[in-house]
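> Take this structure first; my questions come after.
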Amino acid sequence: MAERLKKSGLIAELSAEFLGTMVLILFGVGVVAQVVAGGGLTDPPGGLGNHDSIAWAWGLGVTLGVYVAARLSGAHLNPAVTVALAAFKGFPWSKVAPYALAQTAGAFVAALLVRWNYSEALSTIDPTHTKTQFVFSTLPANGNPNLPVTEWGALRDQIIGTALLLLLILAITDLLNTPPGANLAPFIIGLVVVAIGMAWGTDAGYAINPARDLGPRFASFITGYGGAWRDQYGNFYFWVPIVGPLIGGLLGAGIYKLFIGRFLPTAEPEPPGRVPAPEGPEA
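For any residue, its number in my numbering is found by taking its place in the sequence shown, counting from 1, and adding 1.
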């Protein structure tokens, strides 16, 4: 097994990042399509889910995507995670761009599948494809004109939300800290995403992942959503869920290292008295 992994190398890692991110987006964008497009056609409207079901599906999508990809690539599934791990955990910088491309491609393909599968519902509830862009990508205040969040307010939100995500990912996966046992780290990270969605979803829809936003945004653009790159005010917005998470990821990882990581004990052999003394004549 180890020899096969060594031979496949970067190709195997990118394959895992592609498929893991694709699984994440199939659940994440899929649940928003169900709630917005399908739920908007029920009587009364809203019969197929709400904000909480969206948050839970996104979190479970993260968990399942991580389980798919973890053995081969470490399951970053997010360029903000990849960049932060390169800056603070020794991940090779030469792999950052290929990982980000694979993640974005996985998100793009997943969004195309969701767009195809929900084409009837989306066309019925939004024939001009101008009101359901937030099924695929984020908008300030989730497209709500009654909450006047600008792109700068959304940028602030994305920096804070992604900083929280990376701080917690590093805490959960740090073997020198108290990591979850029994291979439960993906599940706990999924719960982190649920919590961020429930607490930080108002101002910018908690993209916290450039690939999650850019891939589906491009998929919607080439399938009829001409305004995909702009927000509800007509401003270019697509850069916010890219720049904000990249800054926030570095910030969160740096905060973890500054406040926790540098104080943890290094991995060393057990001190005398902690290892049973050998038995037999040699003792």
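Ideal Cβ positions, reconstructed from N, Cα and C, are used throughout, including at glycine.
Among the residues of its own chain, which have a CB less than 8 angstroms from the CB of Tyr238, if the five just before and after it don't count?
Here the set comprises Leu140, Pro141, Glu152, Ala155, Trp230, Arg231 and Asp232.
> Would Ala38 be called buried (16 or more neighbouring beta carbons within 10 Å of its own) or exposed?
Ala38 comes out buried.
> Let me check understanding here. Comparing Cα to Cα, which of Ile170, Ala205, Met199 and Ser74 lies closest to Phe188?
Closest option to Phe188, Cα to Cα, is Ile170.
> What's the gap between the Cα of Asn51 and the Cα of Gly75?
Rounded to the nearest angstrom, the two C-alpha atoms are 32 angstroms apart.
> Go ahead and pull the three-state DSSP assignment for Phe264.
Helix, per DSSP.
> On the CB-based measure, 16 or more other CB atoms within 10 Å of its CB, does Ile209 come out buried or exposed?
Flag for Ile209 reads buried.
> Of all the options Val30, Ile261 and Leu114, which has the alpha carbon lying nearest to the alpha carbon of Leu177?
Closest option to Leu177, Cα to Cα, is Ile261.
> Between the C-alpha atoms of Gly31 and Pro149, what's the straight-line distance to the nearest angstrom?
Rounded to the nearest angstrom, the two C-alpha atoms are 27 angstroms apart.
> Throw me the rounded Cβ distance for the Ser221 and Phe137 pair, which I believe falls under 8 angstroms.
Yes, they are in contact, since the Cβ atoms of Ser221 and Phe137 sit about 4 angstroms apart, within 8 angstroms.
> Given 8 angstroms as the limit, is there contact between the region 43-57 and the region 85-104, that is, 3 or more CB pairs closer than that?
In short, these stretches do not touch, since the Cβ pair count stays below three.
> Which same chain residues end up closer than 6 angstroms to Ala34 when comparing Cβ atoms and leaving out the 5 residues on each side of it in sequence?
Hits under 6 angstroms: Val115, Tyr119 and Val136.
> What residues match up with Arg218 in a beta bridge as DSSP calls it?
Paired residue(s): none; Arg218 is not in a bridge.
> Check this for me: beta carbons of Pro211 and Pro80, under 8 angstroms apart or not?
Their beta carbons are under 8 angstroms apart, which means Pro211 touches Pro80 by this criterion.
> Only counting the same chain, and skipping five residues up and downstream in sequence, which positions put a Cβ closer than 6 angstroms to that of Ala111?
Closer than 6 angstroms at the Cβ level, and outside the excluded window around Ala111, lie Met23, Ile26 and Leu27.
> Where does Trp57 land, buried or exposed, given buried means 16+ other C-beta within 10 angstroms?
Counting Cβ neighbours within 10 Å, Trp57 comes out buried, since at least 16 surround it.
> Quick test of the definition: if touching needs 3 or more C-beta pairs under 8 angstroms, does the region 62-78 touch the region 238-254?
The region 62-78 is not in contact with the region 238-254.
> Quick check on this structure: which residue in Ile161, Lys132, Ser54 and Pro180 has the alpha carbon closest to the alpha carbon of Gly249?
Selected option, being the one with the closest Cα: Ile161.
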